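Each step along the sequence shown adds one to the number in our numbering, with nothing skipped, and position 238 is 240.
C-beta: ideal position from N, C-alpha, C; glycine also.
Predicted model, so just to flag it, every value in this text is computed and none were measured.
Everything on this sheet refers to the single structure shown next.
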Amino acid sequence: MVRNLRSCFTRFRLALPRSASMDVERILNLPAVEQGRLIRTGQVTSEALTTAYLHRLESVGRKLNSVARTLPEQALEHARIADREIQAGHVRSPIHGVPYGAKDLFAVRHVPCQWGSPAHADQVFPYDAAAIQRLRDAGAVLVAKLAMIELAGGGGYEYASASITGPCLNPWNTERWAGGSSSGSGAAVAAGLVGFALGTETWGSITVPSAFCGITGLRPTYGRISRFGAMALSWTMDKIGPMARTAEDCAALLKILAGPDARDPSASSKRFTYSLGKVPHGLRLGVLPTDFAANGARSAERAFQDACSVFTSRMRAELGEAKLPDFPYDAAADTIISVEGASAFQTLIRSPKLGLLRDRSQQAGLLAGLAIPGVEYLHAMRIRALAAPQAVAIFQQFDALIAPTLLHGAPPVSKSL
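And the structure:
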């Protein structure tokens, strides 16, 4: 078993084909935008990067349970096309030629899409998800579908093993979990298996694995990125976002991914722009109060204070205490996700295939979702409607809010969640 990230890298060096250079190996852990620059300037080819990542996905990714399937033939074909286009002066985007992975709930034409679940092992779609198509149009190279918690955690789950690929191991310490439900996306970026990854979040599925694996995850506002062709768990709460090594990578990817889509009525018409390399100064940041002591989270408190100091020292930000309106957020969100998830998966819930799910508590949770009265769902949506304008009002005082993702590190793989 691979015990830590250093041994991952050591094993990878032994697994590289003889034709691959040490320069390529060093490039694998660079930010995606930097990889794109090296491809454009001829210092590495997309084909060489793709070949190296495919070897790494097989030699390391399988040990981490982070890979649903690799796509070698398709990936190498697209990498060669990218190299020819770039050599001809046709550069599509800053990530043209950069290999990436996608959580295995995005439709990719004629490629199995299992949603992390044995109940959907043979599922195939005849079209591409909107996010996949936009990245393809930008010249990115899809090398793998990545592991995930089955059904993105719909119904709730008790163990990290709630996945057709098994528990996704954290590259920094393989006795601990990578987080969920975008488990493979977090682990793959951290372990240098892809240039970046696509994840999704309904309630923590981008932010948690990003925190556990030490990468940058961007969970955009609902509707920023079209969800066409992505598995639905909660129609009013599902979001799609990039998971990468830097905030700059995430910004470049959001610029590509964001925008309207007639196939997804919830998709916003707003585009996203950013200034490359420009660090904003003078921001007003609201710090959400967190009781670290009561939760036994002194180490998290120190880490959070260190992070806050970066905002003040490097960005000259002004910090102030911010408070969210007093509403039962957890209860409302739980009700909304439970009801909408039960609706999304009701065919599965009413079939014998429900018993194929790995986590029994998840089976029970999906069944329970069908029994929640409509009045409870409407009450939760009313709380949401009341809270939203009050939350928006906070941003008249602050440019952004900051808070720790969690008050603890990655739990042991075998521990009940």
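Taking C-beta to C-beta, are LEU350 and ALA121 nearer than 7 angstroms?
-> Result yes, Cβ atoms of LEU350 and ALA121 sit closer than 7 angstroms.
With a threshold of 16 other CB atoms inside 10 Å of the CB of THR52, please say whether the residue is buried or exposed.
-> With 16 or more other CB atoms across the displayed protein chains lying within 10 angstroms of its CB, THR52 is buried.
Just curious, the alpha helix (DSSP H) that THR257 is in, first and last residue?
-> In the sequence as presented, Thr is not what sits at residue 257; that position holds Lys. If you look at LYS257, you'll find it in the alpha helix (DSSP H) that goes 249-259.
Whose CA, out of ALA366, PRO222, SER68, lies closest to the CA of GLN348?
-> Taking only the C-alpha atoms, the option nearest GLN348 is ALA366.
Applying the criterion that 16 or more other CB atoms from any shown protein chain within 10 Å of the CB defines a buried residue, is THR275 buried or exposed?
-> By the 10 Å Cβ count, THR275 comes out exposed.
Confirm, please, whether the CB-CB distance from ALA189 to SER48 is below 7 angstroms.
-> No.
Minimum length 3: unbroken beta strand (DSSP E) runs contained in the segment 71-134 = Taking only runs of at least 3 residues, the beta strand (DSSP E) segments lying wholly in the segment 71-134 are 101-105.
Mind checking whether SER260 and VAL415 have CB atoms under 7 angstroms apart?
-> In the sequence as presented, Ser is not what sits at residue 260; that position holds Ala. Contact flag unset, no.
Pick from HIS112, GLY156, LEU408: whose alpha carbon is nearest that of ALA302?
-> The candidate whose alpha carbon is nearest that of ALA302 is LEU408.
Determine which residues share a DSSP beta bridge with ASN175 and list them.
-> The partner list for ASN175 (beta bridge, DSSP) reads ASN172.
With DSSP as the reference, please indicate the residues paired to ALA140 in a beta bridge.
-> Partner(s): none; ALA140 has no beta bridge.
Is the beta carbon of ALA324 less than 7 angstroms from the beta carbon of LEU290?
-> Taking a C-beta distance under 7 angstroms as the contact criterion, ALA324 and LEU290 qualify as a contact pair.
Consult DSSP for GLU323 and reduce its assignment to one of helix, strand or coil.
-> Judged by DSSP in its simplified three-state form, GLU323 adopts strand.
Three-state secondary structure (DSSP) of SER9 = Unreliable placement is indicated for SER9, whose pLDDT of 42 sits below 50; no coordinate value is reported for it.
Thinking ILE242 and LEU200 are a contact (beta carbons under 8 angstroms), I'd like their distance in whole angstroms, please.
-> Contact between ILE242 and LEU200 holds, since their C-beta atoms are separated by about 7 angstroms, short of 8 angstroms.
Sub-7 angstroms separation of PHE198 and ASP130 beta-carbons = Result no, Cβ atoms of PHE198 and ASP130 do not sit closer than 7 angstroms.
Do three or more CB pairs link the segment 308-324 to the segment 394-407 at distances below 8 angstroms?
-> Proximity of the segment 308-324 to the segment 394-407 meets the contact definition, three or more beta-carbon pairs being nearer than 8 angstroms.
Local conformation of ALA17 per DSSP, three classes | Bear in mind that a pLDDT of 38 at ALA17, under 50, signals an unreliable position, so the model cannot answer this.
C-alpha distance - THR167 paired with SER353, whole-angstrom precision = Distance between the alpha carbons of THR167 and SER353 is about 22 angstroms.
Give the single residue among MET383, LEU326, PRO327, THR314 whose Cα lies nearest to the Cα of SER340.
-> Per the Cα distances, MET383.
Can you give me the Cβ contacts of GLU320 inside the same chain, cut-off strictly under 6 angstroms, excluding the 5 residues immediately before and after it?
-> If we look at GLU320 and ignore the five residues flanking it on each side, its Cβ neighbours are ARG286.
If you follow the alpha helix (DSSP H) that ILE339 is part of, which residue opens it and which one closes it?
-> Membership of ILE339 in the alpha helix (DSSP H) is indicated by the continuous run 331-346.
Cβ neighbours of SER23 in the same chain (closer than 6 angstroms, five flanking residues each side left out) | Unreliable positioning characterises SER23 in this predicted model, as indicated by a pLDDT of 46, which lies under 50. A coordinate reading is not provided.
Can you say whether GLN45 is buried or exposed, counting buried as having 16 or more other CB atoms within 10 angstroms of its CB?
-> Of the residues assessed, GLN45 falls on the exposed side of the cut-off, its CB having fewer than 16 other CB atoms within 10 angstroms.
Return the first residue and the last residue of the beta strand (DSSP E) that ARG286 is part of.
-> Looking at the DSSP string, the run of the beta strand (DSSP E) that includes ARG286 is 286-289.
By a C-beta neighbour count over all protein chains shown, 10 Å radius and 16 as the cutoff for buried, is ASN172 buried or exposed?
-> The residue is buried, with at least 16 neighbouring Cβ atoms inside 10 Å.
Option nearest GLY231 by Cα separation, candidates ALA387, ALA146, MET245, GLN135 = The closest CA to that of GLY231, considering only ALA387, ALA146, MET245, GLN135, is found on GLN135.
For LYS272, which of ASP328, LYS105, ILE227, THR176 has the nearest alpha-carbon?
-> When only C-alpha atoms are compared, the closest one is ILE227.
Give me whichever residues DSSP pairs with GLY243 in a beta bridge.
-> When DSSP reads this structure, GLY243 sits in a beta bridge with GLY201.
Element boundaries [alpha helix (DSSP H), containing ILE404] = Run containing ILE404: none in the alpha helix (DSSP H); it sits in the beta strand (DSSP E), 402-404.
What are the boundary residues of the alpha helix (DSSP H) that ASP308 is part of?
-> Judged by DSSP secondary structure, ASP308 falls within the alpha helix (DSSP H) whose first and last residues are 300-316.
Does the segment 139-146 come within contact of the segment 88-102, defined as at least 3 CB pairs closer than 8 angstroms?
-> By the Cβ criterion, the segment 139-146 is in contact with the segment 88-102, since at least three pairs of Cβ atoms, one from each stretch, lie closer than 8 angstroms.
Helix, strand or coil for PHE294, going by three-state DSSP, please let me know.
-> Coil at PHE294, not helix or strand.
By DSSP, does VAL26 sit in helix, in strand, or in coil?
-> Taken through DSSP and simplified to helix, strand or coil, VAL26 comes out as helix.
Straight-line CA distance for MET317 to ASP106?
-> Approximately 37 angstroms, taken between the alpha carbons.
Please say whether ALA305 and ALA234 have beta carbons closer to each other than 7 angstroms?
-> A distance of 7 angstroms or more separates the beta carbons of ALA234 and ALA305.
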